[in-house]
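This report concerns only the one structure given below.
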Amino acid sequence: MSGLVGQGVARVDGRAKVTGAARYAADNEVAGVLHGFLVMSTIARGEVVEIDTGAALAHPGVVAVYTHADMPRLKLPDFPFNRRFIPMQDTRVHHHGQPVAYVLAQTLEQAQEAANLVKVRYRAEHPVARMADVLDEAFLPEKFRNRPNEAARGDAAAALEQAEVRIDQTYSSPMQHHNPIEPHTTTAVWEDGTLILYESTQGVVFARNAVAFAFGKGRESVRVISPYLGGGFGAKGPTYPHTLLTAAAAQLAGRPVKLVLSRAQMYTSNGHRAEYRHHLRLGATRQGMLTAIVDTSTAQVTRVEENIYNGSDSTLRLYACPNVHVRQLGVRLDLPTSSYMRSPETTAHFGLETAMDELSYELGIDPVELRIRNHTEVDQQSETGQAYAGKQLLECYRAAAEAFGWARRSPRPGVTRDGDEYVGWGMATETHTYGVIPSQVHLAIGPDGRATLRAATQEIGTGTYTVLTQVVAEGLGMPLGHVTTLLGDTAYPEASLSAGSSTMPSVAGPAADAARRARDAVIALAVADPRSPLLGVPAEEVVTENGHLFARGDRDRRDTYRNVVTRHGSAVEVTGRQDNTAGHSFGAVFLEVRIQPRLGRLRVTRVVTAHDLGRVLNRRTARGQVIGGVTWGIGFALMEHTMVDPNTARVVNPNLSTYLVPVCADTPSVEALFVDRSEPDGKLLGVRGFGETPGTGVPAAIGNAIYHAIGRRLRDVPFTPDKLL
Amino acid sequence: MRAFGYTVAGSPAEAVRIAASTPESTFVAGGTDLLNLMRDGAEAHDHLVDVNRLGIDGVAVDSRRLRVGGSARMRQVAEHPRVRREFPVLSEALLASASPQVRNMASIGGNLLQRTRCGYFRDAASACNKRVPGSGCPAITGHNRGHAILGGGDHCIATHPSDLAVALIALDATVHLLGPGGERAVPIADFYLLPGSTPDRETVMRPGELITWVDVPRTALAGRSRYLKLRDRATFEFAVVSVAAALRTSGRVVQDVRLAFGGVGTRPWRDTQVEAALRGRPLTGQAIAEAGRLLVRDAEPYEGNRFKVELVQRALVSILSDLGGLR
Numbered sequence: 005m006s007g008l009v010g011q012g013v014a015r016v017d018g019r020a021k022v023t024g025a026a027r028y029a030a031d032n033e034v035a036g037v038l039h040g041f042l043v044m045s046t047i048a049r050g051e052v053v054e055i056d057t058g059a060a061l062a063h064p065g066v067v068a069v070y071t072h073a074d075m076p077r078l079k080l081p082d083f084p085f086n087r088r089f090i091p092m093q094d095t096r097v098h099h100h101g102q103p104v105a106y107v108l109a110q111t112l113e114q115a116q117e118a119a120n121l122v123k124v125r126y127r128a129e130h131p132v133a134r135m136a137d138v139l140d141e142a143f144l145p146e147k148f149r150n151r152p153n154e155a156a157r158g159d160a161a162a163a164l165e166q167a168e169v170r171i172d173q174t175y176s177s178p179m180q181h182h183n184p185i186e187p188h189t190t191t192a193v194w195e196d197g198t199l200i201l202y203e204s205t206q207g208v209v210f211a212r213n214a215v216a217f218a219f220g221k222g223r224e225s226v227r228v229i230s231p232y233l234g235g236g237f238g239a240k241g242p243t244y245p246h247t248l249l250t251a252a253a254a255q256l257a258g259r260p261v262k263l264v265l266s267r268a269q270m271y272t273s274n275g276h277r278a279e280y281r282h283h284l285r286l287g288a289t290r291q292g293m294l295t296a297i298v299d300t301s302t303a304q305v306t307r308v309e310e311n312i313y314n315g316s317d318s319t320l321r322l323y324a325c326p327n328v329h330v331r332q333l334g335v336r337l338d339l340p341t342s343s344y345m346r347s348p349e350t351t352a353h354f355g356l357e358t359a360m361d362e363l364s365y366e367l368g369i370d371p372v373e374l375r376i377r378n379h380t381e382v383d384q385q386s387e388t389g390q391a392y393a394g395k396q397l398l399e400c401y402r403a404a405a406e407a408f409g410w411a412r413r414s415p416r417p418g419v420t421r422d423g424d425e426y427v428g429w430g431m432a433t434e435t436h437t438y439g440v441i442p443s444q445v446h447l448a449i450g451p452d453g454r455a456t457l458r459a460a461t462q463e464i465g466t467g468t469y470t471v472l473t474q475v476v477a478e479g480l481g482m483p484l485g486h487v488t489t490l491l492g493d494t495a496y497p498e499a500s501l502s503a504g505s506s507t508m509p510s511v512a513g514p515a516a517d518a519a520r521r522a523r524d525a526v527i528a529l530a531v532a533d534p535r536s537p538l539l540g541v542p543a544e545e546v547v548t549e550n551g552h553l554f555a556r557g558d559r560d561r562r563d564t565y566r567n568v569v570t571r572h573g574s575a576v577e578v579t580g581r582q583d584n585t586a587g588h589s590f591g592a593v594f595l596e597v598r599i600q601p602r603l604g605r606l607r608v609t610r611v612v613t614a615h616d617l618g619r620v621l622n623r624r625t626a627r628g629q630v631i632g633g634v635t636w637g638i639g640f641a642l643m644e645h646t647m648v649d650p651n652t653a654r655v656v657n658p659n660l661s662t663y664l665v666p667v668c669a670d671t672p673s674v675e676a677l678f679v680d681r682s683e684p685d686g687k688l689l690g691v692r693g694f695g696e697t698p699g700t701g702v703p704a705a706i707g708n709a710i711y712h713a714i715g716r717r718l719r720d721v722p723f724t725p726d727k728l729l
Numbered sequence: 003m004r005a006f007g008y009t010v011a012g013s014p015a016e017a018v019r020i021a022a023s024t025p026e027s028t029f030v031a032g033g034t035d036l037l038n039l040m041r042d043g044a045e046a047h048d049h050l051v052d053v054n055r056l057g058i059d060g061v062a063v064d065s066r067r068l069r070v071g072g073s074a075r076m077r078q079v080a081e082h083p084r085v086r087r088e089f090p091v092l093s094e095a096l097l098a099s100a101s102p103q104v105r106n107m108a109s110i111g112g113n114l115l116q117r118t119r120c121g122y123f124r125d126a127a128s129a130c131n132k133r134v135p136g137s138g139c140p141a142i143t144g145h146n147r148g149h150a151i152l153g154g155g156d157h158c159i160a161t162h163p164s165d166l167a168v169a170l171i172a173l174d175a176t177v178h179l180l181g182p183g184g185e186r187a188v189p190i191a192d193f194y195l196l197p198g199s200t201p202d203r204e205t206v207m208r209p210g211e212l213i214t215w216v217d218v219p220r221t222a223l224a225g226r227s228r229y230l231k232l233r234d235r236a237t238f239e240f241a242v243v244s245v246a247a248a249l250r251t252s253g254r255v256v257q258d259v260r261l262a263f264g265g266v267g268t269r270p271w272r273d274t275q276v277e278a279a280l281r282g283r284p285l286t287g288q289a290i291a292e293a294g295r296l297l298v299r300d301a302e303p304y305e306g307n308r309f310k311v312e313l314v315q316r317a318l319v320s321i322l323s324d325l326g327g328l329r
């Protein structure tokens, strides 16, 4: 074994990405392609009465302008298509920025300008745009993806009533948008009744299934290709209408069609983090043991969709508490549906971790100590008291607190000053669930002695190409450069969606399994081959290193992958499979803020994290996830905010100039520690899902640090300067 | 964005001549704002006259003044050693603007003429009196956190976004214009208009006029100037509140002071009464507080920007305390 797994191997696709050699979805040049552009509704609720396409059709280069009257009738797919209507199937308008016409032209610029020339007449109804206006209409939505929106254990109401100490507060966060730098894009090519889609998607298999269903085709008739993503963050997990409409437009036109959404269109086309209000009540003993949690959240849903994407998973599972009642309510607004956004559980976790800090002050118990007292080694939702295998959260608290210097913290708020700045230290637990999606991979070793792994999972930007290459190279005993990983094509075996932190726990096992099978197959060929120096060596006595096969006891008896497979005369091919189970990853974040409250200025100046993610496959890409997660957490806490006009229900800031995300100067260096012990339940490699865990605690940790700095408790993100005055 | 024509002019006179004879034309320098406005449908032009090669891109300081060409880049001015030393507020205001990439491209003239960041103005599908006169102002009952508390009215409450303009107003700069009617010079304090009932008119510039030069008098006061910018993220963001200040004291007594404010007014905001209230008095916390109250005496805050009334007064205290050595 070459010990590649765990090393901070540089990205195998890094050079291609920075030199432009990597072909992203919209980079594909398809012969004869037409450029599409969507005409979006300019009302939030009502009906299309008339569409005048005359001026648009007369514009130079325009080939067609399609409306609901032209579009083929499509079947509404279930999840991953998370909308309950397909636009341009009828005249109904459900939100601002809904496609109402589809322009095709020879160039993108012609299509864009022609879209401006399409005249749409509406019958408008007054929209409801703000949760605050309709909170009394909150209701408990139906379960979504088999998860109910209400869960309880014990008798939370009674336990709260009897609790020695109570916290009763409301926390809130606004709509937020993913804003991947690469916009959503689809190029649809029909060839003899089959459809090829060059797509930017976190799930080629999901997308293929949804599109095939919508068009009433067999899955084998649709191929989705997505070798690289320029960011997804959940925005490209579900399948969205623009993909279906582009395939339909290409079908109608009888020519390939490429669509790239504009930045502004992405604010109404691909989901967002729902506006969210979180009423949390904690009951505890004087010693800080939680006795009750009553958690009632309210999120925006729509008139046609009622999916809740921000679950109170951490309320249900993170701390030992016998009495818990969670209800996830919705209120209907005339806005596009929300969806998953990195990291969905942050939304509720912000409230829980802020409430825990409030409880620590109420009790006079250090916030780390309070969490340790409520630590659990048992899955709180398991009726059989299932224990976590290898949960290292206590070690995370210890390691991060020590590296941060937490022991030097004076708990009193508002007393630590440095010049004209108040200094505050805050912490929070980090946690997120991860999913597992049954996955297979194909591995071939060719006569050139090189291995190629194929899997229909994706490189979302986290390093999937690199890590799978490491796993296969180590498993085979081959140099990294002899292994090629191919992803993002439904022509390959079905593998995991790149969402829900599921890629590595789903695919690393099958890749390791494939490497083991292929290695065994090549060794079997060698030891049975009269032309091999290894003839007759027991298979278990053969070791593989650096592309060579050796007899363990006699290293002069050696062969190579290349020679064995060449003599065999054809590639050695195997399929790797390995089931895994979903679970949780954990960690802790400690950070420092410096505030000039007179001017509302705040800087996050120091961040230390420690995470328990099972076995670390690549320290560099794992650290990349931590840096990204912390940066997202800073954005969530301090600035991200989609503004919707209260009268028109139209997004007011649909661009990166006015929708603020952190810049480098907002983001301090992050000291990222890893416990790095194999997850006993993570088959083969001891892997857990990790991507969404880092950052989950950051918004609360910042709020907690603000309280420590200036004695003011903020419960409504973003913490903009006006809230610090 | 509709197709447009493009001509590179070789001199200021030629630029003005081409613009005057080409309908629906405008000037372009760095294009960092104009092209976004055109893409977003907030502005439409059939022809652009490139003013990057007119020979008006210098930055020079002589005994009397700083002269900056209309086509000089923001970076050139910000990093000019004598600007940094003798007109620090200009350098600081420019370095607090945009990003290094934008500052490499964007011109001084374009900076002064950039359009408001009001989301309703930049969204072609929204009503906006500035973009479509008479269509209404959704900001008044909508999102107005970034909007003005001073100088607004029923028609428009959008702020002017330029940091540079705020600094130039504090230093009594003069804007030189060339147009079909010839040359003229306008004190920058008179350059920007209040929205009144015509928020689509933002400056006194006449159709076809070009900013050729900006002059800033070289004074001892200019050398004792600073810019304070408060915003929602550390860089690459417009001001929530900003203050440009220049201060000369003798002992503790204020000999002269210039103050201008960004993020709070419908135009870069100067209020000479506030300066007069400080002049000749000892610079004390109380004096500054009184000046601040005077500044916001006519403030008309809205739901989202009420905090600016307090924040701008605190910003004034902070910058004058620093300049006056009160801490």
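Residue numbers (this note's numbering), protein chains in the order written: chain A, 5 to 729; chain B, 3 to 329. Ideal Cβ placement from N, Cα and C applies to all residues, glycine included. All values derive from a computational prediction rather than experimental measurement.
> Does the beta carbon of residue 656 of chain A come closer than 8 angstroms to any beta carbon on chain B?
Replying inline: yes
>> Do residue 344 of chain A and residue 177 of chain A count as a contact pair if the criterion is CB distance below 8 angstroms?
In response: no
> Taking the C-alpha atoms as reference points, what is the distance between residue 228 of chain A and residue 74 of chain A?
Replying inline: 25 angstroms
> What are the boundary residues of the alpha helix (DSSP H) that residue 631 of chain A is part of?
Replying inline: 623 to 642
>> Could you check whether the Cβ of residue 286 of chain B sits closer than 8 angstroms to any Cβ belonging to chain A?
In response: no
> In whole angstroms, what is the alpha-carbon distance linking residue 251 of chain B and residue 225 of chain B?
Replying inline: 13 angstroms
> Along the stretch 224 to 241 of chain B, what residues have a CB closer than 9 angstroms to any CB found in chain A?
Replying inline: 230, 232, 233, 234, 235, 236, 237, 238, 239 and 240
> Whose C-beta lies closer than 7 angstroms to the C-beta of residue 121 of chain B among residues of the same chain, with five residues either side of it excluded?
Replying inline: 145
> So, does the CB of residue 312 of chain B fall closer than 8 angstroms to a CB anywhere in chain A?
Replying inline: yes
>> Let me check understanding here. Comparing Cα to Cα, which of A:721, A:54 and A:161 lies closest to residue 71 of chain A?
In response: A:54
> Which term fits residue 5 of chain A, buried or exposed, when burial requires 16 or more other beta carbons within 10 angstroms of its beta carbon?
Replying inline: Note that residue 5 of chain A scores 42 on pLDDT, short of 50, meaning its location in the model is unreliable; the coordinates nonetheless yield the value given after this. Exposed: under 16 other Cβ atoms inside 10 Å.
> Using Cβ-Cβ distances below 8 angstroms, what residues of the stretch 487 to 521 of chain A are close to chain B?
Replying inline: none
> Going by Cα to Cα distance, which pick from A:236, A:151 and A:183 is closest to residue 660 of chain A?
Replying inline: A:183
>> Could you give the first and the last residue of the continuous beta strand (DSSP E) run that contains residue 181 of chain B?
In response: 176 to 181
> If we ignore side chains and look at the alpha-carbon of each, how far apart do residue 121 of chain A and residue 618 of chain A end up?
Replying inline: 56 angstroms
> With a cut-off of 8 angstroms, does the C-beta of residue 162 of chain B fall near any C-beta of chain A?
Replying inline: no
> From this set, A:621, A:645 and A:636, which residue's C-alpha is nearest residue 683 of chain A's C-alpha?
Replying inline: A:621
>> Which residues in chain B have a C-beta closer than 9 angstroms to the C-beta of residue 117 of chain A? List them in chain order.
In response: 3, 4 and 5
>> For residue 47 of chain B, tell me which candidate among B:258, B:131, B:36 and B:211 has the shortest Cα-Cα distance.
In response: B:36
>> Going by DSSP in three states, residue 5 of chain A sits in which element: helix, strand or coil?
In response: Its pLDDT being 42, under 50, residue 5 of chain A is placed unreliably in this model, and the coordinates cannot settle the point.
> With respect to the alpha helix (DSSP H) encompassing residue 103 of chain A, which residues constitute its N-terminal and C-terminal limits?
Replying inline: From DSSP, residue 103 of chain A is part of no alpha helix (DSSP H) but of the beta strand (DSSP E) over 103 to 109.
>> Contact criterion: CB-CB distance below 8 angstroms. Does residue 643 of chain A meet it with respect to chain B?
In response: yes
> Starting from residue 63 of chain B and walking both ways along the beta strand (DSSP E), at which residues does that stretch end?
Replying inline: 61 to 63
>> Using a Cβ-Cβ cutoff of less than 6 angstroms, which residues in the same chain neighbour residue 128 of chain A once the five nearest sequence positions on both sides are dropped?
In response: 47 and 50
> Quick one, are the C-beta atoms of residue 287 of chain A and residue 164 of chain A less than 8 angstroms apart?
Replying inline: yes
> For residue 291 of chain A versus residue 644 of chain A, is the C-beta spacing smaller than 8 angstroms?
Replying inline: no
> Within this structure, are the beta carbons of residue 150 of chain B and residue 268 of chain B separated by less than 8 angstroms?
Replying inline: yes
>> Classify residue 103 of chain A: buried if its beta carbon has 16 or more other beta carbons within 10 angstroms, exposed otherwise.
In response: buried
> Taking Cβ positions only, does residue 6 of chain A come closer than 8 angstroms to chain B?
Replying inline: Summary for residue 6 of chain A: the model assigns pLDDT 48, below 50, so the residue's position carries little reliability; its value from the coordinates is reported in the next sentence. No, residue 6 of chain A does not count as interfacial toward chain B.
> With distances taken between CB atoms, is the gap from residue 305 of chain A to residue 319 of chain A smaller than 8 angstroms?
Replying inline: no
>> So that I know if they touch, is there some Cβ in chain A lying closer than 8 angstroms to that of residue 29 of chain B?
In response: no
>> Between residue 43 of chain B and chain A, is the shortest Cβ-Cβ distance under 8 angstroms, so that the two count as touching?
In response: yes
> Looking at chain B, which residues of the stretch 710 to 724 of chain A have a Cβ within less than 7 angstroms of any of its Cβ atoms?
Replying inline: 724
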